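Positions in the sequence shown are counted from 1; adding 228 to them yields the working numbering.
One structure is given below, encoded as structure tokens.
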Amino acid sequence: ARCQEPYFGAVGEASCPAGNTNNNTPLVLNMAACGCADPPTVPPGYQRSNLTGEWSCAPGFAGQAVKLCLPTADCTAEPTLTGCIAPVVCECGDFMDEGSRQGSVSGSMSFGPALVGGQITEEDID
């Protein structure tokens, strides 16, 4: 079995198990691995490994990058990246003035845990 245009990838096959003599034995399936080209422009939040070709979330983003090959109305494959989001800070601490003067503000501010996909988590934050 081959990938149908506009998709492409490794050819799949089905075969009988070695030494099989039973008509009711299911075929051994090796499904075709079909995909599409990468998006023409990479949206913010995503990066592709030059070594493996795998997609991942860019630094500062969280989630699991997934490339989808969505069919369009004119039967082309639309490569789409999904799964990476920018975390939302749950709270902001007080501003600590560290030497502000006229025309210039200098200090620090603490931020609370990050909200990612409706849950508080910081495990994917770099």
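Glycine included, C-beta positions come from ideal geometry on N, C-alpha and C.
Quantities reported herein were computed from a predicted structural model and do not represent experimental measurements.
- Going by DSSP, Tyr235 is part of no beta strand (DSSP E) at all; its letter is neither H nor E.
- Rounded to whole angstroms, the separation of the alpha carbons of Gln275 and Leu296 is 15 angstroms.
- Close CB contacts of Ala229 within its chain, under the 6 angstroms cut and outside five residues either way in sequence, are with Gly240, Ala260 (chain order).
- Within the same chain, and ignoring the five residues on either side of Cys262 in sequence, the residues whose Cβ sits closer than 6 angstroms to its Cβ are Cys231, Tyr235, Gly237.
- The Cβ atoms of Pro267 and Leu309 sit closer than 8 angstroms to each other.
- Taken through DSSP and simplified to helix, strand or coil, Arg329 comes out as strand.
- Judged by their CB atoms, Gly311 and Gln292 are nearer to each other than the 8 angstroms cut-off.
- With a contact defined as Cβ atoms closer than 8 angstroms, Ala265 and Pro307 qualify at about 6 angstroms.
- Around the C-beta of Cys320, fewer than 16 other C-beta atoms lie within 10 Å, and the residue is accordingly described as exposed.
- Inter-residue distance for Glu326 and Ser338 is about 14 angstroms (C-alpha atoms, whole angstroms).
- By the CB criterion at 8 angstroms, Ser328 and Ser334 fall inside the cutoff.
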